[in-house]
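Protein chains in written order, with the numbering used here: chain A, 1 to 257; chain B, 258 to 575.
Where is the CB? At the ideal position from N, CA and C, for every residue including glycine.
Report on the structure given below.
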């Protein structure tokens, strides 16, 4: 485990990642990198394999080929829970929270995940300030400070998405995988989420999968375009806007044909 | 002091249970002490099942196995002349925990209906193991000669002493149980019940926490088995029959899952009903069945959930 990785270099790097589902190629020789502190967006039309890619990076799906390196270590075969401990956190495209728990308990549980083992049987978790205080701070950061006692199931859609990010941040990740955090949001909630992410940018590297192009071009340092599982372009927002193949395959599909 | 309606109901319930030997003496019917000893033993078994079923989402259809193992631990040691209660109970706990570790380690790799079937299958294997143990009475079972001897500190041959011994265990497990479900460990297994995928994504190795809960529940149920051996001075494979596992699960559902005290209520109601109805007719199950259906239909939270709600309404009006 030599520290080949240095801050400012590539935090996450995939080389030749491949994933088949039967005859379908969901990930086709994907090589991309996320630098420390960078916000790297992955865009692509429906069925481009974005969610599959997130699942492979998070460790929920095993790739058929290729390698994933994180902070200089090969994590291709590492289990999801262990990746989380190394500093890789994710949010889900479809809201995934603990519906019966209060918003505060949701985040407190995420804080607990990084606070060593949970073979502690006596002390009440809800009165444990080592969990509660950071959880309250994270909720407040995401604008949910007054909603801590509300059962998570009763939060609005936008609040649930914000809660998910608070939970992912509780792990104090080095890289945040956000799978369509603005999916299903109204313009108001979307704008708020963009503001959150802008504030977050720089303090943690983010790999953002998102359909909302305005959000992507407002936030991203670099963008990778995925079509049918393949990377067709990577570059700054300006480069991507100017890229002919991207225009053809994705942005202006139909318009220029 | 202020109590939540739930806490008040629990304290009232335990106070009534503590008075059972007094009521029994006043009524001149010592039989009630016996009946309620048995009820409380099943209450411990049901409560231990609720720990994994209600809080951990693990629908184990084989919980009676540990009742049997605890009971056989006492009976087998007694058969070889060892009536030291500390040894017997230690073996009951150790053996149940070891078996639960094995069954859990395999079963928890599955979920849903497969988990139910695999726990059932393991329990049937243990049941038939009991049937095949001819040294220990095989199918017919075997009488146990002596009660567990706790260095002469308590005479478990005395019905009242045994009753309070069992009640003491029930209260101990309730206190430990309520602390456990609110502890970090408790939050980990409740989180796994609520959304296991999310738990893994935030970094919980859920398998090992669920397995630990499964072992704890098995060990507690093993104690219930050791108590049952003392109550009946008899052990037989019938304790481990799958229908017994079903009965314990009915107690949990009837009383209310994820409440710990609900299963105690469930055990009291089910066994008291069974005892009362069977006095009127041998077809008592035909009456019990519809009652269960009504409870499941109209009291989703179980009987204890019902009490809780009413108490909250009452407090609102008062």
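Chain-order list of residues whose beta-carbon lies under 6 Å from that of residue i (same chain, five-residue window excluded)
i                      : result
residue 227 of chain A : 44, 48 and 249
residue 456 of chain B : 448, 449 and 463
residue 257 of chain A : With a pLDDT of 33 at residue 257 of chain A, under the threshold of 50, the predicted position of this residue should be treated as unreliable, though the coordinate-derived value follows. Nothing meets the Cβ criterion.
residue 569 of chain B : Residue placement at residue 569 of chain B is flagged as unreliable, the pLDDT there being 47, under the threshold of 50; the coordinate-derived value follows with that caveat. Cβ neighbours of residue 569 of chain B beyond the five flanking positions: 262.
residue 114 of chain A : 171
residue 81 of chain A  : none
residue 516 of chain B : 561
Beta-carbon contacts of residue i that lie in its chain and below 7 Å, excluding the five residues immediately before and after
i                      : result
residue 3 of chain A   : Because the pLDDT at residue 3 of chain A is just 42, under 50, the model does not fix this residue reliably, and the point stays unresolved.
residue 340 of chain B : 403, 405 and 406
residue 54 of chain A  : 90, 177, 179 and 209
residue 230 of chain B : Since the first and last residues shown for chain B are 258 and 575, residue 230 of chain B lies out of range.
residue 246 of chain A : 225, 232, 233 and 240
residue 281 of chain B : 287, 289 and 290
residue 556 of chain B : 562 and 563
residue 446 of chain B : 312, 313, 466, 467 and 470
residue 260 of chain A : Nothing in the structure corresponds to residue 260 of chain A, since chain A is present only between 1 and 257.
residue 1 of chain A   : Unreliable placement is indicated for residue 1 of chain A, whose pLDDT of 41 sits below 50; the coordinate value is still reported in the next sentence. Correct list, in chain order: 73.
residue 185 of chain A : 157, 158, 161 and 193
residue 572 of chain B : The predicted model places residue 572 of chain B with a pLDDT of 40, which falls under 50 and marks its position as unreliable; any figure quoted below should be read in that light. Excluding residues within five positions, the ones whose Cβ falls inside 7 Å are 262.
For residue i, the residue or residues it bridges with in DSSP
i                      : result
residue 492 of chain B : B/399
residue 70 of chain A  : A/12 and A/73
residue 43 of chain A  : A/225
residue 21 of chain A  : A/24
residue 158 of chain A : DSSP output for residue 158 of chain A lists no bridge partner at all.
residue 206 of chain A : A/39 and A/176
residue 450 of chain B : Bridge partners of residue 450 of chain B: none, in fact.
residue 201 of chain A : A/204
residue 151 of chain A : A/102
residue 415 of chain B : In the DSSP output, where bridge partners are listed per residue, residue 415 of chain B has none listed.
residue 231 of chain A : A/226
residue 33 of chain A  : A/13
Cβ neighbours of residue i in the same chain (closer than 8 Å, five flanking residues each side left out)
i                      : result
residue 276 of chain B : none
residue 100 of chain A : 151, 152 and 153
residue 461 of chain B : 445, 448 and 449
Expected contact under 8 Å - CB spacing of residue i and residue j to nearest Å
i                      : j                      : result
residue 152 of chain A : residue 92 of chain A  : Not really, about 14 Å apart at Cβ, beyond 8 Å.
residue 298 of chain B : residue 388 of chain B : That belief does not hold up - the Cβ atoms of residue 298 of chain B and residue 388 of chain B are roughly 23 Å apart, past 8 Å.
residue 365 of chain B : residue 468 of chain B : 6 Å
residue 521 of chain B : residue 300 of chain B : 4 Å
residue 296 of chain B : residue 528 of chain B : 5 Å
residue 11 of chain A  : residue 70 of chain A  : 7 Å
residue 144 of chain A : residue 183 of chain A : Going by Cβ atoms, the distance from residue 144 of chain A to residue 183 of chain A rounds to 19 Å, so no, they are not a contact pair.
residue 335 of chain B : residue 494 of chain B : In fact, because the Cβ distance is near 17 Å, the residues do not count as touching under 8 Å.
residue 118 of chain A : residue 441 of chain B : 4 Å
residue 125 of chain A : residue 497 of chain B : About 36 Å separates the two Cβ atoms, so there is no contact after all.
residue 37 of chain A  : residue 205 of chain A : 6 Å
residue 523 of chain B : residue 303 of chain B : 6 Å
residue 505 of chain B : residue 306 of chain B : 6 Å
Identify each residue in the segment 84-101 of chain A for which the Cβ-Cβ distance to at least one residue of chain B is less than 8 Å, and report them in chain order.
-> 84, 85, 89, 90, 92, 96, 97, 98, 99, 100 and 101
Mind the definition here: the segment 343-357 of chain B touches the segment 539-552 of chain B only if three or more C-beta pairs lie below 8 Å; say whether that holds.
-> no
Closer than 9 Å, Cβ to Cβ, to anything on chain A: give me those residues from the segment 348-367 of chain B, in chain order.
-> none
Proximal residues, the segment 37-60 of chain A versus chain B, C-beta separation under 7 Å = 58
Please name the residues in the segment 291-308 of chain B whose beta-carbon is closer than 9 Å to at least one beta-carbon of chain A, in chain order.
-> none
If we count Cβ pairs, one from each stretch, closer than 8 Å, do we get three or more for the segment 463-481 of chain B versus the segment 314-324 of chain B?
-> yes
Three or more C-beta pairs below 8 Å linking the segment 356-373 of chain B and the segment 312-321 of chain B = yes
Three-pair Cβ contact test at 8 Å for the segment 217-226 of chain A versus the segment 100-117 of chain A | no
What residues from the segment 107-122 of chain A come within 7 Å of chain B, judged by C-beta to C-beta, listed N to C?
-> 109, 110, 112, 113, 114, 118, 119, 120, 121 and 122
For the segment 447-466 of chain B, enumerate the residues whose C-beta is nearer than 7 Å to any C-beta of chain A, in chain order.
-> 448, 451, 452, 454, 455, 457, 458, 459, 460, 461, 462 and 466
Residues from the segment 162-173 of chain A in contact with chain B, defined by Cβ distance under 8 Å = 167, 168, 170 and 171
Taking a cut of 9 Å between CB atoms, which residues from the segment 172-201 of chain A lie near chain B?
-> none
Select from the segment 123-141 of chain A all residues with a C-beta closer than 9 Å to any C-beta belonging to chain B, and list them in chain order.
-> 123, 124, 125, 126, 127, 128 and 131
Mind the definition here: the segment 7-22 of chain A touches the segment 61-70 of chain A only if three or more C-beta pairs lie below 8 Å; say whether that holds.
-> yes
Is the number of C-beta pairs between the segment 507-516 of chain B and the segment 364-384 of chain B that are closer than 8 Å three or more?
-> no
Give the residues from the segment 413-436 of chain B that approach chain A closer than 7 Å (Cβ to any Cβ), ordered along the chain.
-> 436
With 9 Å as the limit, tell me which residues of the segment 207-229 of chain A have their beta carbon closer than that to any beta carbon of chain B; keep them in chain order.
-> none
Residues of the segment 259-275 of chain B with a CB closer than 9 Å to any CB of chain A: list them in chain order, please.
-> none
Just by C-beta distance, which residues in the segment 465-481 of chain B are closer than 8 Å to chain A?
-> 466 and 469
If contact means a Cβ-Cβ distance below 7 Å, which residues of the segment 62-77 of chain A contact chain B?
-> none
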